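Under the working numbering, the very last position in the sequence shown is 444; numbers go up by exactly one each time.
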Amino acid sequence: MKNLIYLFLCISVFSCNDGKQPILGDTEWQREKNAEFKDASKSPLKSRDRKNFKSLDFFKFDSTFVVEAILKRTPGSEWFDMETTTERVSKERVYGIITFKINGNTYSLNVYQGQEMMQEKGFEDYLFLPYSDKSNGETTYGGGRYLDLRIPEGDTMVIDFNKTYNPYCVYNEKYSCPLVPLENYIDEEIHAGMKNFIP
């Protein structure tokens, strides 16, 4: 009788675990990214890496890396060819310069507007912030990381480095990823957002 009860409990446990696993992540943004990477129709992961995928590796959310920046627009800036990891070039222009402080240090970075992206519905106000920092090559991808922004109504904007993500080419070389301009360097370790990907 005890064996039958044990067998029943084992079957019950396995049947309960047979459903879909919950999406992991400490924040809504982390859960959204994990859901995207699990979805075969959206994921940049190779099929072998997606097979056992559970979660990307993130830093813990840190409010130190949520900063208010001053945006100085640069109207009339010229379009240029931003180099990528392939022969493709991305037509970009410097939309403006953001200035902010982290740990008492002041930084100024270029934010870019893409010619093709402007034509996409829903992305008319999209801005692109590629940057590198001292953590690159250690805890984060050596080539730097990206942040998505939107054009603000005024001259200030909130920059949340906890939403920093890796270029898709980190996961699959078939992708063409813009190279981070040398001038967009932060001279300290930004322990926020995605860590480096290790298959």
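By construction, the Cβ of each residue, glycine as well, lies at the ideal position given by its N, Cα and C atoms.
Since we're looking at a predicted model, the values are computed, not measured.
With DSSP as the reference, label residue i as helix, strand or coil.
i: Ala-437; result: coil
i: Tyr-416; result: coil
i: Ile-443; result: coil
i: Phe-304; result: coil
Mind checking which residues open and close the beta strand (DSSP E) that includes residue i?
i: Gln-358; result: 350 to 359
Between the beta-carbon of residue i and the beta-carbon of residue j, is there less than 8 angstroms?
i: Trp-324; j: Glu-332; result: no
i: Phe-282; j: Phe-298; result: yes
i: Asp-405; j: Leu-316; result: no
i: Ser-380; j: Val-425; result: no
i: Arg-295; j: Ser-288; result: yes
i: Lys-278; j: Asn-417; result: no
i: Pro-375; j: Asn-441; result: no
Going by alpha carbons, who is nearest to residue i out of the options?
i: Ile-431; options: Ala-314, Lys-278, Ser-353, Lys-287; result: Ser-353
i: Asn-350; options: Phe-442, Lys-440, Ile-435; result: Ile-435
i: Cys-301; options: Asp-271, Gly-387, Leu-427; result: The residue you asked about is not Cys; residue 301 is Leu in the sequence shown. Among Asp-271, Gly-387, Leu-427, the Cα nearest to that of Leu-301 is on Asp-271.
i: Val-339; options: Gln-360, Tyr-413, Asp-307; result: Gln-360
i: Met-439; options: Leu-269, Ser-286, Tyr-391; result: Tyr-391
i: Lys-342; options: Pro-289, Gln-364, Leu-394; result: Per the sequence presented here, residue 342 reads as Ile, with Lys not at that position. Closest option to Ile-342, Cα to Cα, is Leu-394.
i: Gln-358; options: Leu-372, Glu-277, Tyr-420; result: Leu-372
i: Phe-306; options: Gly-321, Lys-408, Gly-382; result: Lys-408
Quick check: what's the CA-CA separation for residue i versus residue j?
i: Pro-444; j: Arg-293; result: 9 angstroms
i: Cys-422; j: Pro-267; result: 30 angstroms
i: Val-403; j: Val-312; result: 6 angstroms
i: Gly-388; j: Lys-366; result: 29 angstroms
i: Val-415; j: Thr-319; result: 31 angstroms
i: Ala-437; j: Ser-308; result: 9 angstroms
i: Ile-396; j: Asn-355; result: 13 angstroms
Looking at the secondary structure, which residues open and close the alpha helix (DSSP H) in which residue i lies?
i: Glu-273; result: 273 to 283
i: Asp-405; result: Note, Asp-405: premise wrong, no alpha helix (DSSP H); beta strand (DSSP E) at 401 to 405.
i: Asp-294; result: 292 to 295
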